[in-house]
Amino acid sequence: MASLTFNQVYQRLLRQYGPQDWWPGDTAFEIMVGAVLTQNTSWTNVERAIGNLKQRDALSSSRIVAMPHAQLARLLTPAGYFNVKATRLKNYCVWYESQGGLSKLKRLSTEILRKSLLSVNGVGAETADDILLYAFDRPVFVIDAYTRRLFTRLGLVEGNESYEELRRIFESKLARVKDKVGVFNEYHALIVHHAKYFCRTKPRCQDCCLQHCCIGAVIS
DNA sequence: ACCCAGGGTCATA
DNA sequence: TATGACCATGGG
Numbered sequence: 000m001a002s003l004t005f006n007q008v009y010q011r012l013l014r015q016y017g018p019q020d021w022w023p024g025d026t027a028f029e030i031m032v033g034a035v036l037t038q039n040t041s042w043t044n045v046e047r048a049i050g051n052l053k054q055r056d057a058l059s060s061s062r063i064v065a066m067p068h069a070q071l072a073r074l075l076t077p078a079g080y081f082n083v084k085a086t087r088l089k090n091y092c093v094w095y096e097s098q099g100g101l102s103k104l105k106r107l108s109t110e111i112l113r114k115s116l117l118s119v120n121g122v123g124a125e126t127a128d129d130i131l132l133y134a135f136d137r138p139v140f141v142i143d144a145y146t147r148r149l150f151t152r153l154g155l156v157e158g159n160e161s162y163e164e165l166r167r168i169f170e171s172k173l174a175r176v177k178d179k180v181g182v183f184n185e186y187h188a189l190i191v192h193h194a195k196y197f198c199r200t201k202p203r204c205q206d207c208c209l210q211h212c213c214i215g216a217v218i219s
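So the first sequence is numbered by numbering that gives the first Met the number 0: it starts at 0 and just counts up by one.
Laid out in structure tokens, this is it:
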């Protein structure tokens, strides 16, 4: 049986689960904060940390920059890695303010903006792409561990490609789609949803809409 | 008690 | 380039 195409995987996931309405967050800045805080961390824990910031009326770059490390770390406690993340989030906010805020950043080309994001200590490839796609509506495909694992199992990638190489493959395979921002947004969200709410609860994926994504693999 | 989560950095070879 | 240690809470 021939393997699915990248477009077919998307169609199947969308038909199976419907639109995911990502990224959770009311403002572009909240999305950016969430992107930093969710590094290797479950979203429910991130929500608590963001809730703490909101409760203190501290969900703004200026308030975060002005906050002592220990105080910020305390608010971020539920998100884990709180010392690391306090530093990273502050780094991000210092950069954000130094760039002149959202209105100035919006004017930058995607390439320039991506390089600038990656210059922030604590913002790696995936976090940068989360921010580009979900906060700036740029047509960038986000690669994460789920994406690599799923598409390796589907036989659509080798699995040992670098982040940039995988991103290039996805964007190349989806080069003909019209609404790239909309599709890239939905695609990544669907992959995460599938991994979290299907693969985890049904280890062998016997009635999986992708049929073979988990067969023969031990889901951990 | 163990595993892992919507990663990234840094030191080492 | 490519591993490994490290960061840390909360749910399954």
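Where a beta carbon is used, it is the ideal one built from N, C-alpha and C, also for glycine.
Boundaries of the alpha helix (DSSP H) in which Glu164 is found, first to last residue: 162 to 172
Own chain partners of Asp56 with C-beta closer than 8 Å, once the 5 adjacent residues on each side are dropped: Arg62
In whole angstroms, what separates the C-alpha of Ser2 from that of Ala27? 37 Å
Local conformation of Gly215 per DSSP, three classes: Below a pLDDT of 50, predicted positions are generally treated as unreliable, and Gly215, at 43, falls in that range; no measurement from the model is reported.
So Trp42 and Tyr133 are in contact, right, with Cβ under 8 Å, and what is the actual spacing, rounded? Trp42 to Tyr133, Cβ: 13 Å. No contact.
Taking all protein chains shown into account, do 16 or more other C-beta atoms lie within 10 angstroms of the C-beta of Ile130, making it buried, or fewer, making it exposed? buried
Ignore the nearest five residues each way along the sequence and tell me which others in Leu189's own chain have a CB closer than 8 Å to its CB. Scanning its chain for C-beta atoms nearer than 8 Å, with the 5 sequence neighbours on each side dropped, one finds around Leu189 the residues Tyr9, Leu12, Leu13, Tyr16, Gln19, in chain order.
If you compare alpha carbons, which of Ile49, Ala85, Ser161 is closest to Ala124? Answer by Cα proximity: Ser161.
Determine, using beta carbons only, whether Pro138 and Phe183 come nearer to each other than 9 Å. yes
Can you list, in chain order, the residues of its chain with a C-beta nearer than 7 Å to that of Arg147? Leave out the 5 residues immediately preceding and following it. These residues qualify, in order along the chain: Gly158, Leu165.
Whole beta strand (DSSP E) elements within the stretch 31 to 61, 3-residue minimum: none
May I ask you to check if the CB of Leu149 is nearer than 8 Å to at least one heavy atom of the ligand FMN? With respect to small molecules bound, the structure shown includes none, and the ligand FMN cannot be examined in it.
Buried or exposed: Arg175, going by 16 or more other Cβ atoms within 10 Å of its Cβ? That one is exposed.
Can you grab the Cα-Cα spacing for the pair Gly215 / Leu153, in whole Å? Reliability fails at Gly215, whose pLDDT of 43 lies under 50, so the model's placement of it is uncertain and the value that follows must be treated cautiously. Taking the straight line joining both Cα atoms gives about 11 Å.
Give the list of continuous alpha helix (DSSP H) stretches no shorter than 4 residues that lie fully inside the stretch 119 to 144. 124 to 129
Between Val119, Val191, Leu52, Gly99, which has its C-alpha nearest Val141's C-alpha? Of the candidates Val119, Val191, Leu52, Gly99, the residue whose Cα lies closest to the Cα of Val141 is Val191.
Rounded C-alpha distance that separates Lys179 from Met66: 38 Å
Between the beta-carbon of His68 and the beta-carbon of Ala85, is there less than 9 Å? yes
Limits of the alpha helix (DSSP H) - the one that Gly181 falls within: 179 to 193
Given a threshold of 16 other Cβ atoms within 10 Å of its Cβ, counted over all protein chains shown, does Asp128 qualify as buried or as exposed? buried
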